[in-house]
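Residue numbers (our numbering): 7 to 318.
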């Protein structure tokens, strides 16, 4: 019953925010304010809280590797499989069908269902995912499809600076790096710091769900709907394969493997919507695809959180 109520609460946050947008309580671009708050305040705070409240095992670095490969390999597979598709469709599938929305979706959802102790495995997966999510997917797609005309005119130095800027300008990615350094140095986070950031970390779940609802915009073109269906199909295939790899291959405790397997069903990354808008002018379609995948992911992850613990 508690799981059903929690799932309903998260769905209510998504649908309530969308209803508010339709009734013009929120503006069409108000979600950008939530993006700023989430990526610069609540998500970094949630990362700190997760690392501070749980013990860590250096073998968890296997989870980072899985997160990276789960974002990299599908992009290359889609590039090869969609070679006959128009470049716009091919680029959309590569950008939107690969990386995972962990920090602002999977992390709050899984910690809501399984408790804060599950957060470390989720965060470790996101560190690997973030290498592709923050810049890697955009860089590779540009290199393979030449979507960004400005990219071709850049010097090697300018390209390197652009790539580096995409990484270090991401506050969550910076926070992940800091937490990993502290972990390797075996430095504990002071309790006053944890107390200070806890209210911000606790706000991450609601703001993340509300942002998803505010980004929803139903596409009108049939071609857009087909591209969205293709993306959702790719994501389902990637999620199943990554979850099976986590369950059967990771040399970690069963509880950790379970959490990583559930994390693999995270929805489309918010960075993907930004990149699709920036290079293809398809930000609204990417936003709607994100919302649809988020609702599907929420239901699937809730079901797995109820079912998988019984298999351990």
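Glycine is no exception: its CB is placed at the ideal position from the N, C-alpha and C atoms.
Item to check | Residue span of the alpha helix (DSSP H) that contains residue 293, given as start and end | outcome: Along the chain shown, one-based indexing puts residue 293 at 287. Residues 289 to 313.
Checklist entry - Helix, strand or coil for residue 274 per DSSP? => result As a working mapping, residue 274 is identified with position 268 in the chain shown. Note: residue 274 maps to strand in three-state DSSP.
Checklist entry - Taking contact to mean at least 3 C-beta pairs separated by less than 8 Å, is the segment 196 to 206 in contact with the segment 253 to 273? => result no
Next on the checklist: Using the Cβ count rule (16 or more neighbours within 10 Å means buried), how would you classify residue 197?
Outcome noted: Reading the chain shown from its first residue, position 191 is the one you call residue 197. Flag for residue 197 reads exposed.
Next on the checklist: Let me make sure I understand the geometry here. Which of 63, 217, 104 has the alpha-carbon closest to that of residue 146?
Outcome noted: If you number the chain shown from 1, residue 146 lands on position 140. Residue 104 is the option with its Cα nearest to residue 146.
Next on the checklist: Short of 6 Å in beta carbon distance, which residues of its chain neighbour residue 26, apart from the five on each side in sequence? Order them along the chain.
Outcome noted: In the chain shown, residue 26 corresponds to position 20, counting from 1. Counting only Cβ-Cβ distances below 6 Å, and skipping sequence neighbours, we find 32.
Checklist entry - Whole-angstrom Cβ separation of residue 139 and residue 275, contact assumed at under 8 Å? => result Position 133 of the chain shown, counted from the first residue, corresponds to residue 139. Position 269 of the chain shown, counted from the first residue, corresponds to residue 275. That pair is a contact at about 5 Å.
Item to check | Identity of the residue in 226, 272, 232, 228 nearest residue 243 by Cα | outcome: If you number the chain shown from 1, residue 243 lands on position 237. The shortest C-alpha separation from residue 243 is found at 272.
Item to check | Environment of residue 10 [buried if 16+ CB atoms lie within 10 Å] | outcome: Taking the first residue of the chain shown as position 1, residue 10 is located at position 4. With fewer than 16 other Cβ atoms within 10 Å, it is exposed.
Next on the checklist: For a quick check, are the C-beta atoms of residue 20 and residue 215 less than 8 Å apart?
Outcome noted: Along the chain shown, one-based indexing puts residue 20 at 14. Along the chain shown, one-based indexing puts residue 215 at 209. Yes, these two residues count as a Cβ contact at 8 Å.
Next on the checklist: Whole angstroms are fine: how far does the CA of residue 82 sit from the CA of residue 269?
Outcome noted: The count along the chain shown starts at 1 and reaches residue 269 at position 263. The count along the chain shown starts at 1 and reaches residue 82 at position 76. So the alpha carbons of these two residues sit roughly 21 Å apart.
Checklist entry - Tell me, which residues are paired with residue 106 by DSSP? => result Locating residue 106 in the chain shown gives position 100, counting from the first residue. Paired residue(s): 274.
Item to check | Collapsed DSSP secondary structure at residue 59 in the structure displayed | outcome: On the chain shown, residue 59 is found 53 positions in, with the first residue counted as 1. Note: residue 59 maps to coil in three-state DSSP.
Checklist entry - So residue 289 packs on residue 279, CB below 8 Å; how close in whole Å? => result Position 283 of the chain shown holds residue 289. Position 273 of the chain shown holds residue 279. Sure, about 6 Å apart at Cβ, within 8 Å.
Checklist entry - How many whole angstroms separate the CB atoms of residue 16 and residue 97, which I take to be in contact at a CB cut-off of 8 Å? => result Locating residue 16 in the chain shown gives position 10, where the first residue counts as 1. Locating residue 97 in the chain shown gives position 91, where the first residue counts as 1. Contact doesn't hold; Cβ gap of about 31 Å is too wide.
Next on the checklist: I need the boundaries of the alpha helix (DSSP H) containing residue 169, first residue and last residue.
Outcome noted: Numbered from its first residue, the chain shown carries residue 169 at position 163. Element bounds for residue 169: 162 to 174.
Checklist entry - Can you name the start and end residues of the alpha helix (DSSP H) that residue 3 belongs to? => result No statement about residue 3 is possible, as the shown extent of the chain runs from 7 to 318 and does not include it.
Item to check | Whole runs of the alpha helix (DSSP H) within the segment 192 to 233, excluding any shorter than 4 residues | outcome: 197 to 208, 210 to 220
Checklist entry - What is the rounded straight-line gap between the Cα of residue 230 and the Cα of residue 191? => result Within the chain shown, numbered from 1, the residue matching residue 230 stands at position 224. Within the chain shown, numbered from 1, the residue matching residue 191 stands at position 185. Their Cα atoms are separated by approximately 48 Å.
Checklist entry - Does DSSP put residue 36 in a helix, a strand or coil? => result Looking up residue 36 in the chain shown gives position 30. Coil at residue 36, not helix or strand.
Checklist entry - Candidates 18, 42, 28, 67: which alpha carbon is nearest residue 257's? => result Walking along the chain shown from the start, residue 257 turns up at place 251. Nearest C-alpha to residue 257: 67.
Checklist entry - With 16 as the cutoff for other CB atoms within 10 Å, does residue 222 come out buried or exposed? => result The count along the chain shown starts at 1 and reaches residue 222 at position 216. By the neighbour-count rule (16 or more Cβ atoms within 10 Å), residue 222 is buried.
Item to check | Continuous alpha helix (DSSP H) stretch holding residue 87: start and end | outcome: Here residue 87 refers to the residue found at position 81 of the chain shown. 67 to 87 is the extent of the alpha helix (DSSP H) around residue 87.
Item to check | residue 256 in three-state terms, based on DSSP | outcome: Taking the chain shown and counting its residues from 1, one reaches residue 256 at position 250. Correct three-state label for residue 256: coil.
Checklist entry - Which term fits residue 115, buried or exposed, when burial requires 16 or more other beta carbons within 10 angstroms of its beta carbon? => result Working through the chain shown from its first residue, we reach residue 115 at position 109. Burial call: buried.
Item to check | Closest by C-alpha distance to residue 3, when choosing among 307, 227, 308, 293 | outcome: This structure gives no information on residue 3, because the portion of the chain shown stretches from 7 to 318.
Item to check | Reference residue 286, options 78, 48, 100, closest by Cα | outcome: Against the chain shown, residue 286 aligns to sequence position 280. Taking only the C-alpha atoms, the option nearest residue 286 is 100.
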